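Have a look at the structure below before the remarks.
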Amino acid sequence: MTTQSTATFTSVYGPVTSWRYGQSLGIDPIGLQSTCSFNCVYCQLGEIQVRTSQRHVFVPTEKIIQELHAFAPWDVDVVTLSGNGEPTLALNLAEIISQVKEMTHKPVLVLTNGTLLGDRDVQAALSLADKVSVKLDAVNLDQLQRVNRPVMEVDWQKIWTGIQEFRQGYPGHIGIQTMLLTPPNQLSQDTYMQLVRSLHPDEIQLNTPTRPKPLTHQLDGRGNHTPTESRPYPVQQLKQVSGDVLKAFAAKIQDATSIPVRCAPR
Ligand code: SF4
Numbered sequence: 001m002t003t004q005s006t007a008t009f010t011s012v013y014g015p016v017t018s019w020r021y022g023q024s025l026g027i028d029p030i031g032l033q034s035t036c037s038f039n040c041v042y043c044q045l046g047e048i049q050v051r052t053s054q055r056h057v058f059v060p061t062e063k064i065i066q067e068l069h070a071f072a073p074w075d076v077d078v079v080t081l082s083g084n085g086e087p088t089l090a091l092n093l094a095e096i097i098s099q100v101k102e103m104t105h106k107p108v109l110v111l112t113n114g115t116l117l118g119d120r121d122v123q124a125a126l127s128l129a130d131k132v133s134v135k136l137d138a139v140n141l142d143q144l145q146r147v148n149r150p151v152m153e154v155d156w157q158k159i160w161t162g163i164q165e166f167r168q169g170y171p172g173h174i175g176i177q178t179m180l181l182t183p184p185n186q187l188s189q190d191t192y193m194q195l196v197r198s199l200h201p202d203e204i205q206l207n208t209p210t211r212p213k214p215l216t217h218q219l220d221g222r223g224n225h226t227p228t229e230s231r232p233y234p235v236q237q238l239k240q241v242s243g244d245v246l247k248a249f250a251a252k253i254q255d256a257t258s259i260p261v262r263c264a265p266r
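In structure tokens:
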């Protein structure tokens with residue numbers, strides 16, 4: 001277990017406005033170096049600096065709780081664990097969630113890429129959260145490698161099995177978040193609908209990368225930026241789909257599965 005230097009790092013940020021969850025106060029259990037088991041082509045943090053699926057304590061729970069005090073009375077809809085990478089990599093996830101809930105009495109949400117959901121300790125930690133939003137961009141290994149670019153030990157089937165296992169035991173609200181970079185072909189649409197029908201999440205959230213991606217790591221990617229807001233560092237425009245494509249796919253999913261689907265505002 002390691003703890004990195006946290007001298008210049010603030011673990012609580014925002015609030016930011018989330019189209020999915022309202023006013024959200026962010027908690028970052030990852031720290032100064034971006035760390036994730038994915039390196040998504042659209043990641044707002046830029047290229048991920050540490051690519052791993054190994055869990056560690058990155059930010060001590062006491063630091064997070066101490067910094068959370070400054071945001072009292074936490075007048076937000078939700079407190080969200082996300083930040084500078086994949087929050088389930090934080091070995092102190094359970095401790096953070098329970099202490100944040102005890103202190104703020106606000107619903108706690110975790111945004112996860114889903115790669116560690118098969119891990120019993122991660123399942124137990126996440127079961128303390130009120131809401132979990134799980135990424136599902138790819139319906140097969142080829143898409144996973146092109147869009148999410150996972151670390152070597154992560155494969156599509158293993159992720160999907162983990163998501164299913166987690167879904168079966170989780171008592172809270174579970175959302176599936178899907179990013180579309182290009183219009184999905186018929187086969188991908190059909191496979192996606194089969195998958196979500198079998199999983200039956202409480203909600204599906206469809207998005208497309210409207211914001212450009214920083215070319216180098218940027219901690220401020222944790223926050224919200226409007227698509228046209230100027231950023232003081234080089235960025236790259238990304239492929240995206242139109243609002244009509246998002247809405248048409250949302251309507252198809254909803255018709256085929258009866259699962260509520262929300263689209264990001266465009
Ligand atoms: S899972 Fe999230 S933090 Fe990790 S690379 Fe993808 S977008 Fe970035």
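Numbered per UniProt numbering, the sequence shown finishes at 266, counting up by one with no gaps.
All C-beta atoms, glycine included, are put in the ideal place defined by N, C-alpha and C.
For clarity, every value in this text was computed on a predicted model and none was experimentally measured.
Nearest candidate by alpha-carbon position, reference residue i, set the options
i, options, result
"V76", "P214, V108 and G46", "V108"
"A125", "N113, I97 and M152", "I97"
"D130", "P73, P171 and L199", "P171"
"I154", "G31, Q23, F38 and G14", "Checking the displayed sequence, the identity of residue 154 turns out to be Val instead of Ile. Ranking the options by Cα distance to V154, first place goes to F38."
"I159", "V139, G175 and G169", "V139"
"L136", "K101, L180 and G169", "L180"
"V196", "A90, P184 and G175", "G175"
"residue 275", "G22, S24, I64 and H56", "Nothing about residue 275 can be reported from this structure: the residues present for the chain run from 1 to 266 only."
"Q186", "T216, F249 and C36", "F249"
"A264", "E62, A70, Q205 and T191", "Q205"
"N84", "R231, Q218, A256 and L91", "Q218"
"M193", "G221, Q54, G243 and I253", "I253"
"C36", "E67, E165 and L116", "L116"
"S188", "N92, L141 and E203", "L141"
"R55", "D190, R120, P201 and W156", "R120"
"E203", "H173, N92, Q164 and A251", "H173"
"P201", "L215, C40 and P260", "P260"
"D190", "D220, A256, T216 and W156", "A256"
"residue 277", "Q66, M152, K101 and L215", "With the chain covering only 1 through 266, there is no way to say anything about residue 277."
"V78", "Q66, W156 and V100", "V100"
"Q237", "Q66, L215, A251 and G221", "L215"
Short Cβ contact (7 Å threshold) for residue i with residue j
i, j, result
"I27", "V16", "no"
"L111", "S82", "yes"
"R167", "L199", "yes"
"V239", "T178", "The sequence as given places Lys at residue 239; Val does not occur at that position. Going by C-beta atoms, K239 is not nearer than 7 Å to T178."
"T80", "S24", "yes"
"T208", "V241", "yes"
"G31", "V59", "yes"
"G118", "G169", "no"
"Y21", "K213", "no"
"G114", "V132", "no"
"G243", "R266", "yes"
"P29", "A90", "yes"
"V122", "T88", "yes"
Exposure label - residue i; buried when at least 16 CB within 10 Å
i, result
"G223", "exposed"
"W19", "exposed"
"E86", "buried"
"R211", "buried"
"L246", "buried"
"S5", "In this prediction, S5 scores a pLDDT of 46, lower than 50, which makes its location untrustworthy; the coordinate-derived value is nonetheless stated afterwards. Result: exposed."
"A70", "exposed"
"T61", "buried"
"P150", "buried"
"T2", "Because the pLDDT at T2 is just 43, under 50, the model does not fix this residue reliably, and the value given afterwards should be weighed accordingly. T2 comes out exposed."
"A7", "Low per-residue confidence applies at A7: pLDDT is 49, beneath 50, and the placement is therefore not dependable, though the value from the model is reported in the following sentence. A7 should be labelled exposed."
"S258", "exposed"
"L68", "buried"
"P232", "exposed"
N-terminal and C-terminal residue of the alpha helix (DSSP H) that residue i is part of
i, result
"H69", "T61 to H69"
"G243", "G243 to T257"
"I96", "L93 to T104"
"R262", "No alpha helix (DSSP H) holds R262; the beta strand (DSSP E) holding it covers V261 to C263."
"S53", "First-last for S53: undefined, no H or E at that position."
"L187", "Q186 to L199"
"L126", "R120 to L126"
First and last residue of the uninterrupted beta strand (DSSP E) at residue i
i, result
"L238", "Careful: L238 lies outside any beta strand (DSSP E) and carries neither H nor E."
"T178", "H173 to M179"
"L219", "Careful: L219 lies outside any beta strand (DSSP E) and carries neither H nor E."
"Q205", "E203 to N207"
"Q23", "G22 to I27"
"L111", "V108 to T112"
"V151", "Careful: V151 lies outside any beta strand (DSSP E) and carries neither H nor E."
"P183", "Where P183 is concerned, there is no enclosing beta strand (DSSP E), given that its DSSP letter is neither H nor E."
"T8", "Neither: T8 is in no beta strand (DSSP E) and is coded neither H nor E."
Exercise for the section: Count the CB pairs spanning the segment 95 to 106 and the segment 143 to 152 that are closer than 8 Å, and state whether there are at least three. Expected result: By the Cβ criterion, the segment 95 to 106 is not in contact with the segment 143 to 152, since fewer than three pairs of Cβ atoms, one from each stretch, lie closer than 8 Å.
Exercise for the section: Determine, using beta-carbon pairs with one atom in the segment 61 to 80 and one in the segment 41 to 53, whether at least three such pairs fall under 8 Å. Expected result: No, because fewer than three Cβ pairs between the segment 61 to 80 and the segment 41 to 53 fall closer than 8 Å, the two stretches do not touch.
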